[in-house]
Structure formats: structure tokens, C-alpha cells
Amino acid sequence: MKNILITGGAGFIGSNLTKKLVSLGYNIVILDCFLPQIHGENYHESYTYKQVKNIATIIKGSVLSKEDWIKATKGIDAIIHLAAETGTGQSMYNISQYCNSNIIGTSLMWDVIAQQENRTIKKVIIASSRAIYGEGKYHCKDHGTIYPDMRNDKDLSKGDYNVKCHLCNQNAKALATTEDSLIHAASVYGFTKAAQEELCMITGKSINIPVASLRYQNVYGPGQSLKNPYTGILSIFSNLIRNKQAINIFEDGMESRDFIYIDDVVNATTLALQNNKANFQSFNVGSGKRTTVLQVANSLMKALNIETEINITGQYRISDIRENFADLTKIESLLGFKPKVEFQKGITSFINWVKEQEIEEDNYEQSLLEMKNAGLFKDIKS
Ligand SMILES: NC(=O)c1ccc[n+]([C@@H]2O[C@H](COP(=O)([O-])OP(=O)(O)OC[C@H]3O[C@@H](n4cnc5c(N)ncnc54)[C@H](O)[C@@H]3O)[C@@H](O)[C@H]2O)c1
Ligand SMILES: [Zn+2]
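Under our numbering, think of the first position of the sequence shown as 21, with each following residue one higher.
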């Protein structure tokens with residue numbers, strides 16, 4: 021396998037992956053439509069586009085076009101399908117857009133593979149997400165392992181952010197999410213990722229094309245979009261800090277995520293491409309550790325050496341989960357993957373890169389307004 025198609029290859033994960041695979045001797049073709057939300061109005065100026073424009077064959081096109089898929093898959097041995105709409109909050113009011121790009125786009129890929137004469141494709145890697153687990157896996161004192169429902173508006177509006185057992189309503193404790201955890205997304209985005217993954221597994225098995233699904237946790241590092249106000253608190257917070265604006269932290273600041281540095285994600289993805297043990301398997305790709313949103317804000321201020329005000333607002337977004345961290349036993353035992361980059365070290369590398377970038381115009385407030393108008397962003401009742 022030498023010729024690899026990376027859809028969304030001009031984005032954050034794709035551009036970093038392209039650089040790595042090119043250095044290993046692969047030929048890379050990129051299919052990307054250069055979404056303005058990610059790349060700005062003029063994609064020629066986009067940081068991640070510039071990273072790949074001279075080292076890969078770039079096809080400007082959409083995963084929603086069968087013709088573009090046919091063009092992009094000519095002579096290709098394996099596809100790494102990353103192209104997607106990625107904003108969890110935004111997915112809750114642009115539902116058909118998310119279903120189209122993420123689900124219909126993936127179904128067109130399989131149409132083209134299934135119908136390819138003299139089929140060349142031998143493997144598909146699909147970018148899934150921790151979002152497919154929703155609130156994830158918890159422990160209840162009385163009911164053992166549980167998969168709680170989304171937190172309800174009634175509790176949240178009173179400032180009670182705890183995840184509760186859906187059977188007895190007492191507070192539950194988060195456990196590391198294993199791959200066999202219940203799939204029950206809490207957002208349209210998560211739903212589309214789960215659908216993509218299952219569609220790939222079903223179709224891949226039926227026509228005997230190995231599929232590996234990678235459930236990425238929160239990925240960060242150089243190249244992540246600083247323009248997209250819908251994803252990534254690291255981008256949002258670092259923009260605010262550099263603009264010397266106050267940071268509003270939702271809930272009580274103790275909500276947490278599992279942050280994984282981009283180089284680790286690239287390594288895990290490369291292993292999944294190269295190792296047959298990954299075939300027809302799904303893997304968590306994370307650091308296995310939780311970091312609270314408050315810690316993130318403090319780490320960024322330290323690395324930027326700028327102090328801004330932090331307001332813990334108590335506000336909340338419907339479809340935000342409380343906390344999540346990955347169990348990495350499977351990927352370690354089957355693929356030998358272990359994350360290498362510690363959070364504070366990764367943050368320092370990220371900030372060193374951020375400092376070289378222009379300060380972006382801040383569209384974050386606008387994104388919150390859109391969520392507010394859709395009834396998805398709320399204040400606690402005082
Ligand atoms: N970054 C994370 O934290 C994270 C976490 C979990 C899963 N993922 C998944 O990993 C993949 C890559 O994410 P990323 O962070 O690099 O996102 P990104 O937005 O930086 O890159 C996605 C790329 O896909 C392109 N794209 C979007 N719609 C397209 C379409 N219809 N046709 C062609 N190209 C299109 C965009 O222009 C962009 O270049 C996505 O599938 C995402 O859901 C990312
Ligand atoms: Zn219980």
C-alpha cells in the first residue's frame with residue numbers, strides 16, 4: 021500500500037498526518053473542499069493548506085460529489101476518511117448539514133468503492149469520535165456499571181452539573197470508556213460519527229475491505245483551526261487570552277475532557293493503517309487522562325504569559341457532556357500504541373505555534389448567540 025487518499029487532508033489532523041506519511045514514503049492524494057469555517061474565505065492563506073500544498077496531490081472537491089470521489093480514488097490503495105463537519109454545538113441546529121456531509125458523504129465513498137472496476141482499495145480508516153459514547157461509562161453505588169442519559173435541563177438550570185444514574189437518580193462516578201461501552205451519542209455530531217463508523221464496518225465486511233475505526237478524543241496541537249468558533253476550547257481560549265478578553269467558563273469549571281496531542285494521533289493512525297490487527301476493529305485514541313476546563317484555561321495563560329479574567333458563569337450548553345476519558349487497553353495491546361506527549365508539554369508546543377499565527381477575529385460570541393437562539397445555550401436560573 022503506497023497510494024493513500026486522505027479526505028479532509030487539508031484540515032488539522034489530515035495535514036499533520038500527510039506530513040508524516042509523506043516522510044515515510046507514501047504518495048498522498050487529498051480530497052478537501054476547504055470549508056471557509058475552517059480555512060477562511062481564501063484557503064490559499066490557510067496554515068494547514070500551506071503545510072500540504074507542495075507534498076501531496078490536492079483535489080479541491082467534496083465528499084458529497086460522487087464524481088469527486090471517483091476522481092480521488094483512482095489508483096488508490098487505502099482511504100483515510102477524515103473529511104467531516106465537526107462542531108458538536110453547531111450540529112444541534114444544522115442537523116441536515118451534519119447528516120449530509122458525515123453520513124451521506126461516507127455512503128458515497130462506499131458506492132464508489134463497491135462499484136469500482138478492478139478494485140484497488142484495500143483498506144479504509146474512518147475517523148470516529150469519543151462523541152459516540154455520549155456521557156460515557158459511569159459507576160453507580162447501587163447499580164454498578166451504567167450508561168447514564170444526557171443531563172437534564174431541570175438539574176442543569178439549578179446548577180447541578182453532576183451526571184446521575186438513570187435508574188436511581190443518585191450521583192454517579194465516571195469510569196474510563198472502553199470500546200465495548202454503550203454507543204449512545206448526546207449530539208447530532210456524535211450520532212453522525214456513530215453512523216459513519218457502523219456504515220463502514222457493515223459495508224467493509226460485506227465486500228471484504230478491512231476497516232479500522234479510530235475514536236479520537238479531544239485532539240490539540242499546531243494546525244488546529246483558530247478560525248472555527250464551534251470546536252476546540254484550546255483555540256477559543258487562546259484567542260480570548262491573546263485578545264486580552266475575559267474567559268467565560270461554563271458550568272463550574274470542573275467539566276473535563278481527555279486531550280491528546282496531534283503527534284500521538286498521527287502515530288496511532290499510522291499504526292492502524294499499517295497493522296492488519298486493526299482490521300475491522302474500533303479503537304479509542306486518547307491520553308487516558310482527564311483535564312478540567314479550568315486547568316486548560318490556567319495552563320494556556322501560563323504558557324502565553326498573559327493573565328486574563330476567568331469567570332465561572334454557570335451557563336451550560338445542551339448536548340455538552342460532563343466528562344470523558346478513554347480506556348487505552350485495546351489499542352495498546354493490539355497495536356502497541358501509547359501516547360507520549362504530556363499535557364503541559366503539548367500545551368507549550370501548541371502555544372509556541374499559536375504565537376506565530378495572526379490573532380483571529382473573534383466569532384465565538386456569534387456562535388454562542390446562534391446556540392442561544394436555538395434554545396441550546398442557557399443561564400442557570402438565579
Ligand atoms: N480534532 C478533534 O478533536 C477530533 C476529535 C474526534 C474526531 N475528530 C474527527 O477527525 C476528523 C478530522 O478532524 P479535524 O480536527 O482535522 O477537523 P478539520 O475541520 O480541521 O478538518 C476537516 C477537513 O475536512 C474538510 N471537509 C469538510 N467537509 C468536507 C466535504 N464535504 N468535502 C471535502 N472536505 C470536507 C474541511 O475543509 C477540513 O479541511 C473529523 O472526521 C473529525 O470528526 C476530530
Ligand atoms: Zn443507580
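Every residue gets a Cβ at the ideal spot worked out from N, C-alpha and C, and that includes glycine.
heavy atom of ligand 2 below 7 Å from residue i C-beta
i	result
C220	no
H163	yes
L202	no
L195	no
C160	yes
C53	no
L187	yes
Q135	no
Q190	yes
Residue i Cβ short of 7 Å to ligand 1 heavy atom set
i	result
S245	yes
E105	yes
H59	yes
T27	yes
K213	yes
G156	no
V374	no
D278	no
V231	no
D169	no
L128	no
N259	no
V183	no
Y236	yes
L84	yes
F32	yes
L293	no
S149	yes
G125	yes
Other residues of its chain near residue i: CB distance less than 7 Å, five sequence neighbours each side excluded
i	result
Q265	T328
K193	Y158, H159
G60	S66, K247
G273	T312, V313, L314, I332
V208	S111, M112, I115, Y118
C403	As shown, the chain starts at 21 and ends at 402. That puts residue 403 outside it, with no answer to give.
V285	I33, Y236, V239, V305
I58	G31, S245, K247, N248
Residue i Cβ short of 7 Å to ligand 4 heavy atom set
i	result
C119	Absent from the structure shown: ligand 4. Ligands present: ligand 1 and ligand 2.
Cβ neighbours of residue i in the same chain (closer than 8 Å, five flanking residues each side left out)
i	result
K350	T198, E199, Q301, F303, N304
I96	N23, I24, L25, V49, T140, I141
F54	A30, Y63, S66, Y69, K80
I124	L84
G334	G179, F270, E271, D272, D399, I400
G252	N238, Y240, Q244, S245
S127	L219
Supposed close pair residue i, residue j - CB separation, criterion 8 Å
i	j	result
S245	S255	6 Å
D52	A103	7 Å
L320	F257	5 Å
K178	I326	Actually they are not in contact, since the Cβ atoms of K178 and I326 sit about 34 Å apart, beyond 8 Å.
I166	V231	With a Cβ gap of about 30 Å, I166 and V231 do not count as contacting.
T108	S339	6 Å
L41	T290	7 Å
K143	P168	Actually they are not in contact, since the Cβ atoms of K143 and P168 sit about 36 Å apart, beyond 8 Å.
Proximal residues to residue i (C-beta, below 6 Å), its chain only, five neighbours per side dropped
i	result
Y153	T197, S201
L474	Absent from the model: residue 474. The displayed extent of the chain is 21 to 402, so no value can be given.
N182	N191
R277	N238
M170	A206
G81	L51, D88
W130	T223
G306	Q237, D278, I280, A346
P242	W373
A288	V305, F357
I100	I26, I145
A214	I152, I203, A205
Cβ of residue i within 8 Å of any chain B Cβ
i	result
N228	Included in the structure is just one protein chain, with no chain B present.
Ignoring anything shorter than 3 residues or poking outside the stretch 124–151, list the beta strand (DSSP E) runs there in chain order. The qualifying runs are 143–149.
Three or more C-beta pairs under 8 Å: does that hold for the stretch 299–315 against the stretch 390–397? As far as the Cβ criterion goes, the stretch 299–315 does not touch the stretch 390–397, which means the pair count is below three.
Identify every run of the beta strand (DSSP E) within the stretch 138–214, keeping only runs that are complete inside it and at least 3 residues long; order them along the chain. Complete beta strand (DSSP E) runs here, min 3: 143–149, 158–160, 164–166.
Which parts of the stretch 218–269 are runs of the beta strand (DSSP E), unbroken and 3 residues or longer, counting only runs that do not cross its ends? Segments of the beta strand (DSSP E) lying fully in the stretch 218–269: 231–236, 238–240, 267–269.
Complete runs of the alpha helix (DSSP H) confined to the stretch 21–91 [at least 4 residues]: Counting only runs of at least 4 residues, the stretch 21–91 fully encloses the following alpha helix (DSSP H) elements, listed from N- to C-terminal order: 32–43, 56–59, 67–72.
Take every Cβ of the stretch 161–176, pair it with every Cβ of the stretch 217–225, and state whether three or more of those distances are shorter than 8 Å. The stretch 161–176 makes no contact with the stretch 217–225; the number of CB pairs closer than 8 Å stays below 3.
Does the stretch 28–40 come within contact of the stretch 66–81, defined as at least 3 CB pairs closer than 8 Å? With a cut-off of 8 Å, the stretch 66–81 and the stretch 28–40 count as touching, because enough Cβ pairs lie within range.
Would you check if there are 3 or more beta carbon pairs closer than 8 Å linking the stretch 361–368 to the stretch 276–290? The answer is yes - the stretch 276–290 touches the stretch 361–368, with three or more Cβ pairs under 8 Å.
Hey, which unbroken runs of the beta strand (DSSP E) at 3 residues or more fall wholly within the stretch 95–125? Entirely contained in the stretch 95–125, the beta strand (DSSP E) runs reaching 3 residues are, in chain order, 98–101.
Runs of alpha helix (DSSP H) lying entirely within the stretch 265–352, each at least 4 residues, in chain order: Counting only runs of 4 or more, we get 282–294, 313–324.
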